[in-house]
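Residue numbers (UniProt numbering): 1 to 358. From the three backbone atoms N, C-alpha and C, an ideal C-beta is built for every residue, glycine too. What you are looking at is a predicted structure, and each value in this text was computed from that prediction instead of being measured. Take a look at the structure below.
The structure is reproduced here in structure tokens:
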């Protein structure tokens with residue numbers, strides 16, 4: 001019996017030691033350290049994903065670009081002799097190449113540039129886990145597509161946890177501002193309004209207005225187009241009509257799209273917090289409206305009830321019932337009470353009718 005209890009005792013001690021170690025590690029790790037570790041793990045996940053996508057897709061892209069270059073060269077040499085059917089086939093091949101991210105325009109150096117370099121691959125990995133999905137760049141090989149499924153399967157929950165933690169950091173700034181204003185003697189309603197205004201103004205400036213100026217300079221867009229792209233991206237709508245780093249006539253600095261991906265990640269945390277805040281405001285407004293409607297309905301119901309009581313017909317107005325006869329001497333008066341009951345009822349009815357008449 002003692003030998004049988006040894007494994008259970010050892011497993012119990014092992015579980016207790018693990019629980020103790022976990023509690024100590026949790027006590028040692030502060031909130032900031034946990035956020036830093038989560039952020040580091042998140043970016044390592046994106047870096048690994050970018051490296052795998054680059055390795056799986058770059059070779060296939062080179063083959064597609066070589067085929068597009070040969071198609072372009074054959075067209076330039078023989079376009080005067082092409083039949084209608086050959087011209088239509090050329091147009092189909094051209095459309096397919098563009099859909100695959102190959103643009104057969106410009107000089108030969110453009111064909112040597114890859115859509116799956118590390119910067120673009122990192123940007124693509126960020127759009128996958130954030131569920132933006134522009135659609136302009138996507139894996140075409142079987143290995144890349146299968147890896148994309150599993151990368152998104154684990155990356156999207158990780159992205160949600162990371163954005164939640166970043167949102168807490170942003171809300172902490174607002175709480176510190178509110179605490180500072182409260183210590184200055186400001187009223188709570190005014191503090192709530194000012195912190196909300198600070199959150200909106202700072203977020204709009206940092207994540208919408210300033211990036212739009214940056215895109216206006218880098219991409220050549222108008223300011224309104226930059227605002228449009230910023231909001232469509234951060235709200236994860238992702239139409240794909242405006243995408244950074246896709247214009248062949250412009251030179252982009254190294255890791256330009258990596259910088260844009262970092263802006264997207266922090267902007268997503270801000271706009272998610274903004275949407276939650278707006279949802280809370282709408283829910284509170286709905287509760288206030290429902291409460292007011294219930295009070296109005298209760299008041300109107302009371303008024304209608306009082307009007308109905310005033311207009312009740314005579315036959316529905318309850319009459320006072322005669323008291324039951326007492327024992328003893330009261331029993332001897334039953335005959336006289338019965339004789340006078342009809343006369344008493346007629347008098348009551350006449351009194352009630354005169355009371356209701358104007």
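**OP:** Pull up the distance between the alpha-carbon of residue 286 and that of residue 276, whole angstroms please.
**Re:** If you draw a straight line from the Cα of residue 286 to the Cα of residue 276, it is about 15 Å long.
**OP:** Taking residue 274 as the reference, give the member of 178, 80 and 167 with the closest Cα.
**Re:** Of 178, 80 and 167, the smallest CA-CA separation from residue 274 is found for 167.
Subject >> Cβ-Cβ distance between residue 296 and residue 233 below 8 Å >> reply: No.
Subject >> Environment of residue 257 [buried if 16+ CB atoms lie within 10 Å] >> reply: Buried, because 16 or more other Cβ atoms sit within 10 Å of the Cβ of residue 257.
Original post:
In its own chain, which residues sit with a C-beta less than 8 Å from the C-beta of residue 71, not counting the 5 before and 5 after it?
Top reply: Excluding the 5 residues flanking it on each side, residue 71 has same chain C-beta neighbours closer than 8 Å at 90, 93, 94, 97 and 104, in chain order.
Original post:
Does the beta-carbon of residue 65 have 16 or more other beta-carbons within 10 angstroms, so that it is buried, or is it exposed?
Top reply: Classification for residue 65: buried.
Original post:
Apart from the five residues just before and just after residue 194, which ones in its own chain have a Cβ nearer than 7 Å to its Cβ?
Top reply: Here the set comprises 181.
Original post:
Whole-angstrom Cβ separation of residue 61 and residue 120, contact assumed at under 8 Å?
Top reply: Actually they are not in contact, since the Cβ atoms of residue 61 and residue 120 sit about 10 Å apart, beyond 8 Å.
Original post:
To the nearest whole angstrom, what separates the beta carbons of residue 259 and residue 231, a pair I think is in contact under 8 Å?
Top reply: Between residue 231 and residue 259 the Cβ distance is about 19 Å, and since that is not below 8 Å, they are no contact.
Original post:
Between residue 228 and residue 242, which are expected to be in contact by the criterion C-beta below 8 Å, what is the C-beta distance as a whole number of angstroms?
Top reply: Indeed, because the Cβ distance is near 7 Å, the residues count as touching under 8 Å.
**OP:** Enumerate in chain order the residues of its own chain whose CB-to-CB distance from residue 359 is below 7 Å, with the five nearest sequence positions on each side excluded.
**Re:** Examination of residue 359 is not possible in this model, given that the chain is present from 1 through 358 alone.
Original post:
Mapping DSSP to helix, strand and coil, what is residue 131?
Top reply: Here residue 131 sits in coil by DSSP.
**OP:** Check residue 221 in the structure and name its three-state DSSP category.
**Re:** In the structure shown, residue 221 adopts coil according to DSSP, grouped into three states.
Original post:
Touch check for the region 51 to 59 and the region 143 to 162: three-plus C-beta pairs under 8 Å?
Top reply: These segments touch.
Subject >> Beta carbon of residue 226 nearer than 8 Å to that of residue 270 >> reply: Between residue 226 and residue 270, the C-beta gap is not smaller than 8 Å, which leaves the two residues out of contact.
Original post:
Using the C-alpha atoms, what's the distance from residue 38 back to residue 395?
Top reply: Only positions 1 to 358 of the chain appear in the structure, and residue 395 is not among them; the question remains open.
Original post:
Under 8 Å, do residue 155 and residue 49 count as touching if we go by C-beta distance?
Top reply: For residue 155 and residue 49, yes; Cβs fall inside 8 Å.
**OP:** Give the straight-line distance between the Cα atoms of residue 34 and residue 127, rounded to the nearest whole angstrom.
**Re:** Near 24 Å, if we compare the C-alpha coordinates of residue 127 and residue 34.
Subject >> Cβ pair residue 42, residue 158 closer than 8 Å >> reply: Contact flag set, yes.
Subject >> CA nearest to the CA of residue 237, picked from 249, 130 and 186 >> reply: Checked all of 249, 130 and 186; the closest Cα to residue 237 is 130.
Original post:
Which word fits residue 36, buried or exposed, when buried means at least 16 other C-beta atoms lie within 10 angstroms of its C-beta?
Top reply: Counting C-beta atoms within 10 angstroms of its own C-beta, residue 36 has fewer than 16 neighbours from the protein chains shown and is therefore classed as exposed.
**OP:** Name the two residues that bound the continuous alpha helix (DSSP H) containing residue 93.
**Re:** Counted as a single uninterrupted DSSP element, the alpha helix (DSSP H) harbouring residue 93 occupies residues 84 to 99.
Original post:
CB residue 163 to CB residue 272, shorter than 8 Å?
Top reply: Going by C-beta atoms, residue 163 is nearer than 8 Å to residue 272.
Original post:
Where does residue 161 land, buried or exposed, given buried means 16+ other C-beta within 10 angstroms?
Top reply: Its Cβ having fewer than 16 others within 10 Å, residue 161 is exposed.
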